[in-house]
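A short worksheet on the structure shown next.
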Amino acid sequence: MKIIDFHTHPFITPENNSCFYKDTVTSDNFKKILESAGIGHICGSVIYKTQSFNEIKRLNREALEIKAMWGDFYTPGIHIHPRYVRESIEELDFMYQNGVRLVGELVPYYNGWSLYYDESMHAIYEEIERLGMIVSVHTDMTVDMNSLEEAVKRFKNITFVAAHPHQKEHYYKHIELLKNYDNYYLDLSGTGLFRFGMLGTLIKNAGSEKILFATDFPITNPKMYVEAVLFEGLRDGELENVFYKNAEKLLKSVE
Ligand SMILES: [Zn+2]
10 MKIIDFHTHP FITPENNSCF YKDTVTSDNF KKILESAGIG HICGSVIYKT QSFNEIKRLN
70 REALEIKAMW GDFYTPGIHI HPRYVRESIE ELDFMYQNGV RLVGELVPYY NGWSLYYDES
130 MHAIYEEIER LGMIVSVHTD MTVDMNSLEE AVKRFKNITF VAAHPHQKEH YYKHIELLKN
190 YDNYYLDLSG TGLFRFGMLG TLIKNAGSEK ILFATDFPIT NPKMYVEAVL FEGLRDGELE
250 NVFYKNAEKL LKSVE
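FYI, this note's numbering numbers position 253 of the sequence shown as 262, with every residue one higher than the one before it.
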């Protein structure tokens, strides 16, 4: 079956390699490793811990370079920063002209900000909405989920893809948001899938139409995620939705 990985962090510059065991993944074997796990297309941003907007622009340009190298294999995602509203809007326009339709994964704690909704983010979302782009956002215990919900509620025309199902209250909050907002999606990367029954329970509660297969490679082992999804006893239609149909539909909607 076709597999789209909605959440990865490719790189060219070694310092942007987010793998914990750096020697095992290089910009040369990155694509090959994913392909050998059965993954045929990836999305995602280049990440690095920085608060400088010039550095952030450098990450976005590296994503474009990777796109030029890998073509159809890769959907680049870019960063914005709420401390630099004007620059972020200019960056969105420039990247849109260069074919980019995905913002994120945004990782606020990597770049020294925290709220998904405030006055600055409002102005940035207005431009994202005008351009018709998708936003992928990191979530975990460090993220204020109320500010994310506020953004999702106010910008119904933007599709927000939350990353990481996690567990316990955090997991049930995702289910609540999936049920309450048509424009709220969840990707399976990071913490969550290793808890047996997580995906089946998610689908029973919130359907399979807004769940996206994702890994967070090279931080995680991509084959482990593929096998975990296969082992949850989903029906064929649900499996297809999760592995590629939902992502395909979403990406087509912003072409
Ligand atoms: Zn990530």
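Cβ atoms here follow ideal geometry from the backbone N, Cα and C, with glycine treated the same way.
Item, Value
"heavy atom of ligand 1 below 7 Å from ASP225 C-beta", "yes"
"Beta-carbon proximity check, LEU202 vs TYR234, cutoff 8 Å", "yes"
"Contact under 8 Å by Cβ, LEU211 with PRO174", "yes"
"For PHE62, the nearest candidate out of ARG139, HIS16, HIS88 and LYS41 (CA to CA)", "HIS88"
"Proximity test, VAL152 beta-carbon vs ligand 1 heavy atom, cut-off 7 Å", "no"
"GLU71 beta carbon near ligand 1 (any heavy atom closer than 7 Å)", "no"
"Check: ALA172 C-beta below 7 Å from any heavy atom of ligand 1", "yes"
"Selection from MET78, LEU68, LEU73 and PHE82 that minimises the alpha carbon distance to TYR119", "LEU68"
"Whole-angstrom distance between LYS58 and LYS40, CA atom to CA atom", "23 Å"
"8 Å Cβ cutoff met for GLY53 and THR17", "yes"
"Beta-ladder partner(s) of PHE226, from DSSP", "THR17"
"Contact the segment 135-145 vs the segment 106-125: 3+ CB pairs below 8 Å", "yes"
"Classification of ALA72 by the beta-carbon crowding that lies within 10 angstroms, buried from 16 upward", "buried"
"Pairwise C-alpha distance: ASP225 and ILE56", "11 Å"
"N-terminal and C-terminal residue of the alpha helix (DSSP H) that ALA172 is part of", "ALA172 -> not in any alpha helix (DSSP H); beta strand (DSSP E) instead, spanning 169-172."
"Whether ALA46 touches PRO227 by CB criterion (8 Å)", "no"
"Three-state secondary structure (DSSP) of GLY53", "strand"
"Neighbourhood of CYS28 by C-beta distance below 6 Å, restricted to the same chain and skipping five residues each side", "VAL34 and PRO227"
"8 Å Cβ cutoff met for VAL251 and VAL238", "yes"
"HIS131, enclosing alpha helix (DSSP H) - first and last residue", "128-140"
"With 16 other Cβ atoms within 10 Å as the buried cut-off, status of ASP191", "exposed"
"Check: GLU114 C-beta below 7 Å from any heavy atom of ligand 1", "yes"
"Cβ-based neighbour list, GLU247, same chain, cut-off 8 Å, excluding 5 preceding and 5 following", "ILE212 and SER217"
"Under the three-state DSSP convention, the category TYR194 falls into", "strand"
"Cβ-heavy atom distance, HIS18 to ligand 1, below 7 Å", "yes"
"Same chain, Cβ closer than 6 Å to ILE13, five either side skipped, listed in chain order", "HIS50, TYR253 and ALA256"
"Reduced DSSP category for SER145 - H, G, I as helix; E, B as strand; rest coil", "strand"
"Whole-number beta carbon distance between LYS219 and TYR193, since they are thought to touch under 8 Å", "7 Å"
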